[in-house]
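Report on the structure given below.
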Amino acid sequence: MKQRKTMYLLMTLLMFAWGLEYIFAKQALDVMESLTLVFFKYSIGFVVVLLIKLKMEGRKLFQKKDIPLFLLCAIFGEVGYFYLEYTAMDFLPVSLITIVLAFVPALSILIERVIYKRKPTKKMNLGILFCIAGIILVIGVDYRILLQGRIVGYLLAFGAVLSWNLYNFLTASLHERYGSVTLTLNQLICTILLVWPFALTHLPDPGTVSMEVVGGILYLGTLSTGIGFIIQVRSLLILGPTVTAIFSNFLPVTTTLFGWLILKETISPVQTLGGAIVIAAGYIVIKEKGRAEEFTDDRES
Numbered sequence: 098m099k100q101r102k103t104m105y106l107l108m109t110l111l112m113f114a115w116g117l118e119y120i121f122a123k124q125a126l127d128v129m130e131s132l133t134l135v136f137f138k139y140s141i142g143f144v145v146v147l148l149i150k151l152k153m154e155g156r157k158l159f160q161k162k163d164i165p166l167f168l169l170c171a172i173f174g175e176v177g178y179f180y181l182e183y184t185a186m187d188f189l190p191v192s193l194i195t196i197v198l199a200f201v202p203a204l205s206i207l208i209e210r211v212i213y214k215r216k217p218t219k220k221m222n223l224g225i226l227f228c229i230a231g232i233i234l235v236i237g238v239d240y241r242i243l244l245q246g247r248i249v250g251y252l253l254a255f256g257a258v259l260s261w262n263l264y265n266f267l268t269a270s271l272h273e274r275y276g277s278v279t280l281t282l283n284q285l286i287c288t289i290l291l292v293w294p295f296a297l298t299h300l301p302d303p304g305t306v307s308m309e310v311v312g313g314i315l316y317l318g319t320l321s322t323g324i325g326f327i328i329q330v331r332s333l334l335i336l337g338p339t340v341t342a343i344f345s346n347f348l349p350v351t352t353t354l355f356g357w358l359i360l361k362e363t364i365s366p367v368q369t370l371g372g373a374i375v376i377a378a379g380y381i382v383i384k385e386k387g388r389a390e391e392f393t394d395d396r397e398s
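Read in my numbering, the sequence shown has 288 at position 191, and its numbers run on one by one without any break.
Structure representation (structure tokens):
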């Protein structure tokens with residue numbers, strides 16, 4: 098129980114860190130390709146996680162039989178998710194993207210229902226419905242712009258939702274054989290190997306990279322990727338894929354806050370209402386899902 102409470106706190110703090118990530122990422126994407134940014138931030142994150150791993154979990158990395166799984170984690174969770182998310186920023190403001198990404202836990206519960214036969218409670222179903230309603234409200238009020246091409250941004254964001262769910266369940270399945278730090282490091286290695294050929298042939302013009310962008314990339318690599326992914330992977334073990342995914346519902350709050358403070362972005366009152374519905378629905382689901390998993394743990398122990 099103490100582990101779960103600690104992880105709830107760490108995941109809440111991580112949502113603030115990731116909310117700020119969108120701001121720095123948007124600034125960096127003005128001067129470089131999305132996969133080039135992924136390469137830079139994961140290379141920095143690799144150094145951070147490697148130092149932590151050598152101190153905490155030794156030098157052992159992975160078993161050969163698990164290499165395909167680690168590659169799939171990298172393809173869906175790191176390369177696919179961030180490519181889709183960052184590309185969506187060309188079509189949508191970051192506040193809208195994070196609200197669409199709040200659909201992650203709803204899809205996660207559906208996956209658990211279909212594949213693992215875990216039945217959600219009535220309150221969880223209600224939370225999912227309100228989550229979907231909130232997202233429809235956010236997208237629906239934007240219908241005029243949607244017809245002008247921004248539908249591409251929504252499709253990219255929903256693609257990121259699917260990719261992140263696949264990543265969560267794949268990572269959770271590997272926790273039986275690896276510690277959280279080792280698991281994170283292996284995924285970083287696979288991601289770097291996948292994107293470096295593209296990144297090194299699409300480097301930004303040095304004259305366009307300001308110190309502000311460099312500082313943002315350092316933040317993305319050290320805190321958001323290095324420390325952040327260790328927390329995320331650990332949460333998949335302690336809280337499970339669905340509860341971990343539900344925390345993404347709080348990203349609209351933190352991202353909108355930072356977008357307003359730093360990027361001077363605006364969001365309409367109706368879209369704000371939709372975001373509030375999504376967040377409230379996420380709270381209902383996380384509370385019910387956490388209670389159900391605690392009950393399951395008690396029965397097994």
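Glycine included, C-beta positions come from ideal geometry on N, C-alpha and C.
C-alpha gap between residue 115 and residue 196, whole angstroms: Computed Cα separation, rounded: 13 angstroms.
Can you give the Cα-Cα distance for residue 194 and residue 369, rounded to whole angstroms? Roughly 13 angstroms separates the two Cα atoms.
Go to residue 355, then tell me how far its alpha helix (DSSP H) extends in each direction, as first and last residue. 348-355 is the span of the alpha helix (DSSP H), which, as asked, contains residue 355.
Within 10 angstroms of the Cβ of residue 109, are there 16 or more other Cβ atoms? Answer buried if so, exposed if not. Exposed, since its Cβ has fewer than 16 Cβ neighbours within 10 Å.
Can the beta-carbon of residue 288 be found closer than 8 angstroms to that of residue 330? Taking the C-beta atoms as reference points, residue 330 is found no nearer than 8 angstroms to residue 288.
For the pair the region 179-187 and the region 252-261, tell me if three or more CB-CB distances fall below 8 angstroms. The region 179-187 is in contact with the region 252-261.
Three Cβ pairs or more, each shorter than 8 angstroms: is that satisfied between the region 150-159 and the region 290-310? Because the criterion of three Cβ pairs below 8 angstroms is not met, the region 150-159 and the region 290-310 do not touch.
If you draw a straight line from the C-alpha of residue 294 to the C-alpha of residue 143, how long is it? Cα-Cα distance, rounded: 17 angstroms.
Would the beta-carbon of residue 402 fall within 8 angstroms of that of residue 102? Because residue 402 is not part of the residues shown, which for the chain are 98 to 398, the question remains open.
What first and last residue would you give for the alpha helix (DSSP H) that runs through residue 259? That run of the alpha helix (DSSP H) goes 248-271.
So which of 176, 365 and 388 has the shortest CA-CA distance to residue 336? Measuring from the Cα of residue 336, the nearest candidate turns out to be 388.
Please report how far the alpha carbon of residue 147 lies from the alpha carbon of residue 276, in whole angstroms. Cα to Cα, the separation comes out at about 13 angstroms.
Just how far apart, CA to CA, sit residue 355 and residue 120? Their Cα atoms are separated by approximately 7 angstroms.
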